Amino acid sequence: MYYINKITFSMFITITLLWSITLTRIYAESRECDHTKCVKTLADTTIDMLIATRSVVAKNQDLINVDPVSGNYYFKGFVPAMVGSEVANDFSLMTGHKLKQTSLKLRNPNNAPDEWEEKVLRSFEASGYPKGAGFGEALVTGDNKIYRYMKPIYVEKACLECHSTKKNLRPEIRKFLEERYPYDHAFGYKEGDVRGGISITLPFGN
Ligand code: HEC
17 MYYINKITFS MFITITLLWS ITLTRIYAES RECDHTKCVK TLADTTIDML IATRSVVAKN
77 QDLINVDPVS GNYYFKGFVP AMVGSEVAND FSLMTGHKLK QTSLKLRNPN NAPDEWEEKV
137 LRSFEASGYP KGAGFGEALV TGDNKIYRYM KPIYVEKACL ECHSTKKNLR PEIRKFLEER
197 YPYDHAFGYK EGDVRGGISI TLPFGN
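Position in the sequence shown (from 1) plus 16 gives the number in our numbering.
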């Protein structure tokens, strides 16, 4: 049984509202950007918004995973990355701009990086890369000019609940992961590690 309690529901509403405000702004502004600084700010803000959304979901796992009847722990699978990909998919459908979360150590193979993302993810992991800095560049594909941008995401304490060593996981979470992700490589992280990146593609100066 999948229960949605009041807290989960109000979180959904808040996330949806904040995202529609951001989306409206992005949709209106991205086409008017005619220099890199403008499109970079837009890309950076959008990604920060997705990182914040994911982080809220990670920090509130204890509130979310409660059986409303018994009050006991009940893992619902409402995890940050799931919310992240749903928001990213909706965003892409609404605006036509691609937003995606990816990593070099994948849990879900659908999140695999493309060539550009893989190259940038490797640079995030290189020693001396400035923590938290995004990387972006204007590119030409066919007749279109696009701007690609990616920001690293780091492992926080709350992420360890599902991304630390397998033996440290709650049995409910371990079971859920084993059933859904037979090719799961997203274990063994510690706080501060680069977990992956959020990448966005925007039209630019067309
Ligand atoms: C309650 C469990 C849980 C927590 C907490 C959690 N994750 Fe995940 N994570 C998952 C699951 C499940 C997936 C696969 C989601 C999917 O199918 O797209 C995933 C996937 C990801 C991905 C996408 C790449 C991939 O491997 O498929 C990233 C990036 C990621 N997590 C980062 C984080 C970060 C950063 C945090 C902390 C802010 C975090 N996760 C917290 C369960 C969790």
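All C-beta atoms in this analysis are idealised placements derived from N, C-alpha and C, irrespective of residue type, glycine included. Fair warning: this is a prediction, and the values are worked out from it, not measured in the lab.
Taking the alpha carbon of proline 96 as the point to measure from, which residue in Ala68, Thr111, Thr52 has its own alpha carbon closest? The residue labelled residue 96 in the question sits at position 80 within the sequence shown. The option with the nearest alpha carbon to proline 96 is Ala68.
With a threshold of 9 Å between beta-carbons, can lysine 206 be considered close to chain D, or not? No chain D appears in the structure shown, which is made up of a single protein chain.
Take every Cβ of the stretch 179 to 186, pair it with every Cβ of the stretch 205 to 221, and state whether three or more of those distances are shorter than 8 Å. yes
Return yes when the Cβ of tyrosine 170 is within less than 9 Å of the Cβ of glycine 148, no when it is not. Residue mapping note: residue 148 aligns to position 132 of the sequence shown, counting from 1. Residue mapping note: residue 170 aligns to position 154 of the sequence shown, counting from 1. Yes, the pair counts as a contact, with Cβ atoms nearer than the cut-off.
Taking the straight line between their C-alpha atoms, what separation do you get for serine 139 and tyrosine 205? Numbered from its first residue, the sequence shown carries residue 139 at position 123. Numbered from its first residue, the sequence shown carries residue 205 at position 189. Rounded to whole angstroms, serine 139 to tyrosine 205 spans 18 Å at the Cα level.
Please determine, among Glu195, Ile23, Thr24, the residue with the shortest C-alpha to C-alpha distance to asparagine 124. Within the sequence shown, residue 124 is the residue found at index 108, counting from 1. Of the listed residues, the one whose Cα sits closest to asparagine 124 is Glu195.
For the alpha helix (DSSP H) holding arginine 196, just list the boundary residues, first then last. Indexing the sequence shown from 1 puts residue 196 at position 180. Arginine 196 -> alpha helix (DSSP H) spans 187 to 196.
Kindly indicate which three-state DSSP category lysine 53 falls into: helix, strand or coil? By one-based count along the sequence shown, residue 53 stands at place 37. Residue state, collapsed to three classes: helix.
Check whether the Cβ atoms of serine 36 and lysine 116 sit closer than 9 Å, and answer yes or no. Locating residue 36 in the sequence shown gives position 20, counting from the first residue. Locating residue 116 in the sequence shown gives position 100, counting from the first residue. No, Cβ-Cβ distance for serine 36 and lysine 116 is not below 9 Å.
For the alpha helix (DSSP H) containing leucine 137, name the first residue and the last one. As a position in the sequence shown, residue 137 is number 121, starting the count at 1. 131 to 141 is the extent of the alpha helix (DSSP H) around leucine 137.
Work out the CA separation of leucine 218 and aspartate 200 for me, nearest whole Å. Translated into the one-based positions of the sequence shown, residue 200 becomes position 184. Translated into the one-based positions of the sequence shown, residue 218 becomes position 202. Going from the Cα of aspartate 200 to the Cα of leucine 218 covers about 30 Å.
Would you mind working out which of Leu109, Pro129, Asp83, Leu122 sits nearest methionine 166, comparing C-alpha positions? Locating residue 166 in the sequence shown gives position 150, where the first residue counts as 1. When each option's Cα is compared against that of methionine 166, the closest is Pro129.
Should alanine 93 be listed as close to ligand 1, given that the test is whether its C-beta is under 8 Å from any heavy atom? Stepping through the sequence shown from its first residue, residue 93 is reached at position 77. Contrary to the premise, residue 93 reads as glycine rather than alanine in this sequence. The answer is yes for glycine 93.
Which same chain residues, not among the five before or five after methionine 65, have their C-beta less than 6 Å away from its C-beta? As a working mapping, residue 65 is identified with position 49 in the sequence shown. Taken in chain order, the residues that qualify are Thr38.
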